[in-house]
């Protein structure tokens, strides 16, 4: 049986506008999906969602209980040791992932300017207008 490390983060509270998502449930599902995919890309496995009570101060002496929705993730500690930590390790991993046989793109150049640069028009002086009535 492996040893795990856990990460807990607050669940998203609302959805955001996304092309193709018309209902509130669709928007919210998209935000949760993005969160789960981002954590999975870092090697975290979604374990469960929890709702836990949290006692807060209310005023000087009062207390109230609110409930927080949390997402619980876990990953194997052996897998966590494999992730690169230093910038050198990250650079080596990125260099190994790049394909060496990709041809460089041609350099684009700008053509000659077609007109002389135009100077900005002088501004009118501030203050009351001089009128000849």
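Numbering (this note's numbering), first residue to last: -4 to 128. We put the CB at the ideal spot given by N, CA and C, even for glycine.
Could you tell me the distance, in whole angstroms, from the CA atom of residue i to the CA atom of residue j?
i	j	result
residue 29	residue 37	13 Å
residue 57	residue 51	9 Å
residue 85	residue 1	23 Å
residue 82	residue 26	30 Å
residue 151	residue 49	Outside the modelled stretch of the chain, which goes from -4 to 128, sits residue 151, for which no answer is possible.
residue -1	residue 73	8 Å
residue 19	residue 105	47 Å
residue 13	residue 60	34 Å
residue 120	residue 113	21 Å
Under the three-state reduction of DSSP, which class applies to residue i: helix, strand or coil?
i	result
residue 4	strand
residue 84	helix
residue 67	strand
residue 58	strand
residue 43	strand
residue 52	strand
Could you check how far apart the C-beta atoms of residue i and residue j are, in whole angstroms? I think they sit under 8 Å.
i	j	result
residue 15	residue 71	That pair is no contact at about 35 Å.
residue 69	residue 42	5 Å
Give me the residue from the options with the minimum Cα distance to residue i.
i	options	result
residue 66	31, 58, 86, 83	31
residue 130	47, 54, 102, 73	What the structure shows of the chain is the stretch from -4 to 128, and residue 130 is not part of that stretch, so it cannot be assessed.
residue 44	7, 115, 61, 59	7
For residue i, collect the residues of the same chain with a Cβ closer than 8 Å to its Cβ; drop the 5 residues on either side in sequence, then sort them by chain order.
i	result
residue 39	2, 68, 69, 70
residue 11	22, 25, 26
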